[in-house]
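These notes are about the structure you will find just below.
There are 2 protein chains.
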Amino acid sequence: MVSSRKQMTSEKIIDAAIELFSRNGYEGVTTEEIAAEAGFSEKTLFRHFKSKQNLLEQAIDRYHYADEMRAIFDNKLSWNLEEDLSLISENYHRIMYRNRKMLQIIMKVGKNLPGLHQYAHRHPQALQEYLTDYFAEMKRQQKLFAADEEKIAIMFLYMNFGLAQGRMNESPAFSDNEFKEILKESVALFTRGLTP
Amino acid sequence: MVSSRKQMTSEKIIDAAIELFSRNGYEGVTTEEIAAEAGFSEKTLFRHFKSKQNLLEQAIDRYHYADEMRAIFDNKLSWNLEEDLSLISENYHRIMYRNRKMLQIIMKVGKNLPGLHQYAHRHPQALQEYLTDYFAEMKRQQKLFAADEEKIAIMFLYMNFGLAQGRMNESPAFSDNEFKEILKESVALFTRGLTP
DNA sequence: ATAAAATGTCAGTCAGTACAGACTTTCCTA
DNA sequence: TAGGAAAGTCTGTACTGACTGACATTTTAT
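The listed protein sequences derive, respectively, from chains A and B.
Just so we're on the same page, my numbering is the position in the first sequence counted from 1, plus 179.
Just so we're on the same page, my numbering is the position in the second sequence counted from 1, plus 179.
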């Protein structure tokens, strides 16, 4: 285990960086603070990463947020509205919650990493398209109350996005149970509102 | 007009600060950049504001976001679900959009202004309570499909919060028209899903 | 036209911060 | 237990950024 120690150090530093960047933003954190949080000296940080910027980039690479998104629709759909919405919603929140710190970094980062926002929105956008297609097909199968499928998809996703945001930002965060129940209700409401 | 020139300068500087803080966060912007954006010298900035921090505070004071929120329910309610949801939604987005830059600052601010997040969530929380009460009363009037009124309120608000976020953050922002139509659909969906 | 107010210029202070080099110490492993 | 890899320490550099003071210039009201 010669190179694994090195790697573990890198990982600890990246973890610390993600934690602090997500709390205070890129400029709001010093390399010294990151090193301290990770339990190493600043020098070690720079032995592992060329620069602070490089550290941020590697921290971003660590997350597979965008890739994971794509997998949501790989789950078997049953073409039963309530079941499918439930499945999509659960998967969505699982991914969003796992990647919550990365998302907070994305929201806080400004001029550094100009491409980051675009990167972050690429796959949610794909998700929106999948969901739109899904609704269109459901409509074709006459399982959907006549409605604009794109707008419905946007509504569903943004409601979930809002909920995910709320879950990770608010002071009294939802408890896991409370949150699950809200999701259940939301799927029920959409189902009721969309069933012919 | 002796003091109004001074005041206009202050306002221009605050405007510039809000613009840049909302884009790049507090630490992501220098006083020199703010002054340049406002069209003044850095020295003038410091003649008008004690410090960068003070400038941020005054920029925050400029907004009445939290106060405005309270007014949403002052509009006459008709106790017709669709009309009322429409009214609430419109007012909510009007306020959110006017204060979008402030909201972006709030989301980006980290350790500076520790009380800011709390301040930002105080009135939306009140809003949630009002809406919960509204749904409870509607239920009493048998105009609401049996449902947990608190969860419904949360869903409605977070959907709108998500939409507001999307409107101000995404690269291809919604057009005003598109957005209005989405709101209309969302109110229709909630109405359909909540009407007995 | 003039005084007062507002702004600009310029030079400078001071603290913080990213990052580097030289050297020492600790840790793991063969 | 020796030797190399990884980490620490200490010192230093170069730069940035918030903020100040002294003085010059412009603007505005009378």
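C-beta: ideal position from N, C-alpha, C; glycine also.
- Linking L260 of chain B to E349 of chain B through their CA atoms gives a straight-line distance of about 31 Å.
- Selection B:L310, B:T209, B:T223 evaluated against D253 of chain B yields B:L310 as nearest (Cα-Cα).
- Taking 8 Å as the threshold, the shortest C-beta distance from N270 of chain B to chain A does not fall below it.
- Under the 10 Å beta carbon count, M338 of chain B is surrounded by 16 or more other beta carbons and is classified as buried.
- S220 of chain B has a beta carbon lying at 8 Å or more from every beta carbon in chain A.
- Here N259 of chain B carries a coil assignment [DSSP, helix/strand/coil].
- Looking from the CA of A250 of chain A, the closest CA among A:H302, A:G345, A:V208 belongs to A:H302.
- In the DSSP assignment, Y205 of chain A falls outside any alpha helix (DSSP H), carrying neither H nor E.
- A Cβ-Cβ distance of about 3 Å is found for the pair G341 of chain B and G341 of chain A, placing them in contact under the 8 Å criterion.
- DSSP, read as helix, strand or coil, puts P303 of chain A in helix.
- Around the CB of N233 of chain A, fewer than 16 other CB atoms lie within 10 Å, so the residue is classed as exposed.
- In the three-state DSSP reduction, H243 of chain A falls in the coil class, being neither helix nor strand.
- Neighbours of E364 of chain B in chain A, taken as residues at a C-beta separation under 8 Å, are given in chain order as A326, D327, K330, I331, M334.
- No Cβ-Cβ contact shorter than 8 Å links N291 of chain A with K290 of chain B.
- For G345 of chain A, the enclosing alpha helix (DSSP H) covers residues 328-348.
- Check the Cα spacing between F358 of chain A and each of A:L323, A:S268, A:E316, A:F314: the tightest is with A:S268.
- Excluding sequence positions up to five before and after K318 of chain A, its CB lies within less than 7 Å of the CB of E328, all in the same chain and listed in chain order.
- With a cutoff of 8 Å on beta-carbon distance, K191 of chain B and A217 of chain B are scored as near each other.
- R346 of chain B has its alpha-carbon roughly 22 Å from the corresponding atom of K280 of chain A.
- Under the three-state reduction of DSSP, S230 of chain B is assigned to coil, being neither helix nor strand.
- For H300 of chain A, the nearest CB of chain B lies under 8 Å from its own CB, placing it at the interface with that chain.
- In this structure, B:D246 is the residue among B:F324, B:S265, B:I284, B:D246 with its C-alpha nearest to the C-alpha of Q304 of chain B.
- Assignment of K290 of chain A by DSSP, reduced to helix, strand and coil, places it in the coil class.
- Straight-line spacing of the CA atoms in M187 of chain B and L282 of chain B works out to 24 Å.
- Contact annotation for G207 of chain A against chain B: E206, G289, K290 [CB-CB distance below 7 Å, chain order].
- Setting aside the 5 residues that flank it on each side, L295 of chain A is surrounded in the same chain by I239, I285, V288, each with a C-beta closer than 8 Å to its C-beta; the list follows chain order.
- Residues F314 of the same chain have their beta carbon placed closer than 6 Å to that of I331 of chain B, with the five preceding and five following residues left out of the count.
- Secondary structure at F314 of chain A: helix, using DSSP grouped into helix, strand and coil.
- By the Cβ neighbour-count rule, S257 of chain B is exposed, with fewer than 16 other Cβ atoms within 10 Å of its own.
- The CB of I361 of chain B comes closer than 7 Å to the CB of K330, I333, M334 in chain A, given here in chain order.
- If you draw a straight line from the Cα of L323 of chain B to the Cα of E308 of chain A, it comes to about 32 Å.
- Residues of chain B with a Cβ closer than 8 Å to the Cβ of M248 of chain A do not exist, since the nearest Cβ in that chain sits about 15 Å away.
- Just so you know, the alpha carbons of E198 of chain A and Q237 of chain B end up roughly 30 Å apart.
- Interface flag for E211 of chain B against chain A is unset, since no Cβ pair is found closer than 8 Å.
- Distance between S265 of chain B and T209 of chain A, taken at the CA atoms: about 47 Å.
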